[in-house]
Each structure stands twice: as structure tokens, then as C-alpha cells.
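For reference, the structure is listed below as C-alpha cells.
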Amino acid sequence: MYSKGQVVYSKSGRDKRRPFIIVDFDEQYLYLVDGDLRKLEKPKKKKMMHVQIVNDVIEDIKQKLEDKAYLNDADFRKALKSYKL
Numbered sequence: 092m093y094s095k096g097q098v099v100y101s102k103s104g105r106d107k108r109r110p111f112i113i114v115d116f117d118e119q120y121l122y123l124v125d126g127d128l129r130k131l132e133k134p135k136k137k138k139m140m141h142v143q144i145v146n147d148v149i150e151d152i153k154q155k156l157e158d159k160a161y162l163n164d165a166d167f168r169k170a171l172k173s174y175k176l
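Counting from 92, one number per residue, gives the positions in the sequence shown under the numbering used here.
As C-alpha cells, this is what we get:
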């Protein structure tokens, strides 16, 4: 259902309607980064019911997350540029 590198939109909170990329998840929470408000060093912890799933996975970021390769916040901002409302 969820995977690293997947794009989601926030449905509630101050960050409502902002796109994020999933960098990690567990059975209850998603850890989200957008490279702007939420940096890679401190991802947003958000419950699954508070996000809208987009069926897009950014393969480049997914691969780097799985390989634990170097990523910076600019990579996330660039990947989400086309998802801004």
C-alpha cells in the first residue's frame, strides 16, 4: 500500500494540501519529507489516515532511500516541483 519514494498529499493540519514524499513508515505512521518545511534530518510523522495517496512513486528517490545513498533536501524539492498545487 505504501512505499518509500511515494508521493502523498496532506489532508489535515497546517501543511494541508502540501505534497510530501514518504521516506519511511511503520504500521501506524508515515515519515514525510518535502525538502522545504520538512527536511530530511527531521521528517514529519503523520498518521496514515491524514494523507491522500498519489499512485506516483519517484523511482530515483526510492532507489536512493533503499540503497541508503546520499540525498539532500534539494532532491526532494526538485522531485515535488510538478506536484505543487
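Note that CB positions come from ideal geometry on N, CA and C, so glycine has one too.
Local conformation of K215 per DSSP, three classes: Residue 215 lies beyond the stretch modelled for the chain, which goes from 92 to 176, so this question has no answer here.
DSSP bridge partner residues for P33 (one or two, in chain order): Examination of residue 33 is not possible in this model, given that the chain is present from 92 through 176 alone.
CA-to-CA distance, N146 to V124, given in whole angstroms: Annotation: V124 to N146 spans about 17 Å, alpha carbon to alpha carbon.
Local conformation of D158 per DSSP, three classes: If DSSP states are grouped into helix, strand and coil, D158 belongs with the helices.
Rounded C-alpha distance that separates K136 from S173: 23 Å
N- and C-terminal bounds of the beta strand (DSSP E) containing Y93: Counting along the chain, Y93 falls outside any beta strand (DSSP E), and DSSP gives it neither H nor E.
Whether L121 touches D106 by CB criterion (8 Å): no
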